[in-house]
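Taking it in order: structure first as structure tokens, then the write-up.
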Amino acid sequence: MKSDSFTGWPSNKPVGRLAPSPTGAQHVGNARTYLLAWLSIRSRGGRLILRIEDIDSPRVKVGAAQQAIDDLRWLGLDWDEGPDIGGPHAPYVQTERIDLYREALSRLQRDERVYPCTCTRTDIEAAASAPHIEHEGMIYPGTCAGRSASDAVTLGDQPFAWRFRTTDRVLEFDDRVAGPQQANVRRDLGDFVVGKMDGSSAYQLAVVSDDQAMGVTEVLRGDDLLPSTFRQLELYAAFGWTLPTFAHVPLVIGSDGRRLAKRHGDTRLATLRQLCVTAEELIGLLAWSCGLRPTRDPISARELVAEFDLCRVTREPYVFSVGHVFNVPGQS
Ligand code: GLU
Ligand code: ZN
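Numbering (this note's numbering), first residue to last: 1433 to 1764.
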């Protein structure tokens, strides 16, 4: 069997990742996505990477990265590379990888794929009139798109972001869970920021650079990130990098139909643990919610590996009410 010279791992095996953002405690919704990402790779004998996505600086909470690691371990999930165990693609924490993102940005600058954008949020809201996809913000109206990358030097001390120049064409991909997808990034989403005004990298650039550098072949994540995937497809094309496969899984929602959040009661894994809910009880519930098991009986993640098949994962979001399922004070 051929092996990856860098890792010694068989090169025909999938490589996936768990990518928690330490912006708060991990909850039942995050757990379901991690479970599926883990099962998808483990059921095919692949390799898993744990990466901490902590570049979203104002929202990152002290101690939340370690807590995410503890939560994942409690769930019974493991990984082959990560900040706690090291590995050939270290470091595994995004704030320690900014040189890589800088290099990627300079490549985009050299190729004129980005331009300096001086617009504030208020400017964009005032100029944008097109309807936009929920949660995705305004479609950038193109105010600064006439600039070239080298115009940055003429801006003096005016703050600016680096915005990616999208292409006006329909992009398509076949999602392994959500099915065939298509969008015209320029029209549907607009030019997007890859380098923020404070000099840091935006999520889109960091995640694509990392997945490429770490040899990730499968991205499995929540379907709230589907629009982001189209932006990332533009970046993959700009860099000429090979695409991973994508699988976007439905989210856990509250009874009001909105993405699971504080308003739905306390669904943090740390809280469930304190209330003596076992990992097997939670995994059993989540596996049932995904259509992987006929009942909610407790089961370990490991026991689900042999029979796992991504095709069996339901395409409906799971409506979760913490107070009904576990004996936890919840609002709905
Ligand atoms: N860090 C992101 C999150 O926790 C996941 C990003 C990704 O999977 O690409 O929502
Ligand atoms: Zn602008």
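Every residue, glycine too, gets a C-beta built ideally from N, C-alpha and C.
What is the DSSP secondary structure of residue i, counted as helix, strand or coil?
i     : result
S1764 : Confidence is the limiting factor: at S1764 the pLDDT is only 48, short of 50, which leaves the residue's position unreliable and the question unanswerable from this model.
V1648 : coil
E1735 : helix
G1574 : coil
A1581 : helix
P1726 : coil
P1659 : helix
R1747 : coil
S1641 : helix
Could you tell me the boundaries of the alpha helix (DSSP H) in which residue i lies?
i     : result
I1481 : Counting along the chain, I1481 falls outside any alpha helix (DSSP H), though it belongs to the beta strand (DSSP E) covering R1479 to L1482.
G1755 : V1754 to V1757
G1461 : V1460 to R1474
A1558 : R1553 to A1559
G1627 : Element bounds for G1627: not the alpha helix (DSSP H) but the beta strand (DSSP E), F1624 to G1627.
S1721 : A1711 to S1721
Q1706 : L1701 to Q1706
Identify the continuous beta strand (DSSP E) that holds residue i and give its terminal residues.
i     : result
Y1547 : V1546 to C1549
N1616 : G1611 to N1616
L1450 : V1447 to L1450
V1604 : Per the sequence shown, residue 1604 should be read as Glu rather than Val. From DSSP, the beta strand (DSSP E) with E1604 extends over V1602 to D1607.
A1593 : A1593 to F1596
Taking 7 angstroms as the line, does the beta carbon of residue i fall inside it for any heavy atom of ligand 2?
i     : result
T1727 : no
C1708 : no
T1586 : no
C1551 : yes
T1439 : no
C1743 : no
T1554 : no
T1703 : no
T1699 : no
T1746 : no
Using 7 angstroms as the cut-off, classify the Cβ of residue i as near or not near the heavy atoms of ligand 1, replying yes or no.
i     : result
A1451 : yes
L1657 : yes
R1653 : yes
V1639 : yes
E1485 : yes
Check whether the Cβ of residue i lies closer than 7 angstroms to any heavy atom of ligand 3, and answer yes or no.
i     : result
T1598 : Absence of ligand 3 is noted for the structure shown, with ligand 1 and ligand 2 being the only ligands found.
Would you call residue i buried or exposed, if buried means 16 or more other Cβ atoms sit within 10 Å of its Cβ?
i     : result
P1490 : exposed
S1435 : exposed
E1485 : buried
R1545 : buried
P1454 : buried
Q1541 : buried
L1707 : exposed
P1591 : exposed
V1651 : buried
A1638 : buried
L1507 : buried
I'd like to know whether the C-beta of residue i is nearer than 8 angstroms to at least one C-beta of chain B.
i     : result
T1710 : Among the chains of the structure shown, chain B does not appear; only one protein chain is present.
(request) Mind listing, in chain order, the continuous alpha helix (DSSP H) runs of no fewer than 4 residues lying wholly within the stretch 1477 to 1543? (result) Listed in chain order, the complete alpha helix (DSSP H) runs (minimum 4 residues) inside the stretch 1477 to 1543 are 1496 to 1507 and 1530 to 1542.
(message) Threshold first: 3 residues or longer. Then list the beta strand (DSSP E) segments lying entirely within the stretch 1665 to 1690, N to C.
(response) Fully enclosed beta strand (DSSP E) runs of 3 or longer: 1677 to 1681.
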